[in-house]
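Trainee: Residue numbers (our numbering): 14 to 95.
Dumping the structure here so I can ask a few things about it.
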(Lines of atoms letter the chains of each structure in order from A and count residues from 1; the text may use other names and numbers.)
(Lines give C-alpha, C1' and ligand atoms only; values in the text may rest on other atoms or scores of the structure.)
Protein backbone atom coordinates (compact mmCIF):
# COMPACT_ATOMS: atom_id res chain seq x y z
CA UNK A 1 0.00 0.00 0.00
CA UNK A 2 2.86 2.39 0.78
CA UNK A 3 4.11 1.97 -2.79
CA UNK A 4 0.77 3.22 -4.09
CA UNK A 5 0.83 6.18 -1.71
CA UNK A 6 4.36 7.06 -2.82
CA UNK A 7 3.27 6.89 -6.46
CA UNK A 8 0.31 9.17 -5.79
CA UNK A 9 2.51 11.74 -4.07
CA UNK A 10 5.14 11.49 -6.83
CA UNK A 11 2.49 11.98 -9.51
CA UNK A 12 1.10 14.93 -7.59
CA UNK A 13 4.55 16.51 -7.32
CA UNK A 14 5.21 15.95 -11.04
CA UNK A 15 1.88 17.48 -12.03
CA UNK A 16 2.51 20.44 -9.73
CA UNK A 17 5.84 21.09 -11.46
CA UNK A 18 4.15 20.77 -14.87
CA UNK A 19 1.41 23.15 -13.74
CA UNK A 20 3.87 25.77 -12.52
CA UNK A 21 5.81 25.47 -15.78
CA UNK A 22 2.64 25.87 -17.81
CA UNK A 23 1.50 28.88 -15.79
CA UNK A 24 4.93 30.46 -16.22
CA UNK A 25 4.94 29.82 -19.98
CA UNK A 26 1.46 31.34 -20.28
CA UNK A 27 2.48 34.43 -18.37
CA UNK A 28 5.58 34.85 -20.53
CA UNK A 29 3.56 34.49 -23.75
CA UNK A 30 1.05 37.04 -22.49
CA UNK A 31 3.80 39.46 -21.44
CA UNK A 32 5.60 39.32 -24.78
CA UNK A 33 2.52 39.60 -27.00
CA UNK A 34 0.88 42.91 -27.68
CA UNK A 35 -2.58 43.22 -26.14
CA UNK A 36 -5.40 42.74 -28.61
CA UNK A 37 -7.63 45.76 -29.05
CA UNK A 38 -11.30 44.87 -29.25
CA UNK A 39 -13.82 46.86 -31.25
CA UNK A 40 -15.92 47.68 -28.18
CA UNK A 41 -15.50 47.33 -24.39
CA UNK A 42 -17.97 44.45 -24.13
CA UNK A 43 -16.00 42.40 -26.63
CA UNK A 44 -12.79 43.14 -24.71
CA UNK A 45 -14.13 41.22 -21.70
CA UNK A 46 -14.55 38.02 -23.67
CA UNK A 47 -11.56 38.27 -25.99
CA UNK A 48 -8.93 35.58 -25.83
CA UNK A 49 -5.59 36.91 -24.67
CA UNK A 50 -2.36 35.23 -25.78
CA UNK A 51 -1.27 32.65 -23.25
CA UNK A 52 -4.76 31.83 -22.00
CA UNK A 53 -4.47 28.24 -23.20
CA UNK A 54 -1.28 27.71 -21.21
CA UNK A 55 -2.84 29.27 -18.13
CA UNK A 56 -5.96 27.12 -18.45
CA UNK A 57 -3.86 23.96 -18.82
CA UNK A 58 -1.78 24.95 -15.80
CA UNK A 59 -4.88 25.48 -13.69
CA UNK A 60 -6.31 22.14 -14.75
CA UNK A 61 -3.05 20.34 -13.95
CA UNK A 62 -3.00 21.99 -10.52
CA UNK A 63 -6.52 20.71 -9.81
CA UNK A 64 -5.53 17.17 -10.82
CA UNK A 65 -2.38 17.39 -8.68
CA UNK A 66 -4.47 18.53 -5.72
CA UNK A 67 -6.88 15.63 -6.23
CA UNK A 68 -4.02 13.11 -6.34
CA UNK A 69 -2.42 14.59 -3.24
CA UNK A 70 -5.68 14.43 -1.31
CA UNK A 71 -6.21 10.82 -2.41
CA UNK A 72 -2.70 9.94 -1.25
CA UNK A 73 -3.29 11.72 2.06
CA UNK A 74 -6.56 9.83 2.63
CA UNK A 75 -4.86 6.50 1.91
CA UNK A 76 -1.95 7.40 4.17
CA UNK A 77 -4.30 8.33 7.04
CA UNK A 78 -6.29 5.12 6.57
CA UNK A 79 -3.08 3.07 6.56
CA UNK A 80 -1.87 4.81 9.73
CA UNK A 81 -5.07 4.02 11.60
CA UNK A 82 -4.77 0.35 11.08
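Even glycine gets a Cβ: it sits at the ideal position worked out from N, Cα and C.
Since the model is a prediction, treat every value here as computed from it, not as a measurement.
Helix, strand or coil, according to DSSP, for residue 82 in the structure here?
Mentor: Residue 82: helix per DSSP, three-state reduction.
Trainee: Since I believe residue 64 is in contact with residue 39 (beta carbons under 8 Å), could you give me their beta-carbon distance rounded to a whole number of angstroms?
Mentor: About 4 Å separates the two Cβ atoms, so the contact holds.
Trainee: When you compare only the Cα positions, how much space is there between residue 93 and residue 53?
Mentor: Cα-Cα distance, rounded: 59 Å.
Trainee: The alpha helix (DSSP H) that contains residue 39, what's its start and end?
Mentor: First-last of the alpha helix (DSSP H) with residue 39: 15-45.
Trainee: Ordered along the chain, which non-local residues of its own chain (more than five positions away) have a Cβ less than 6 Å from that of residue 1?
Mentor: Absent from the structure is residue 1, since the part of the chain shown begins at 14 and ends at 95.
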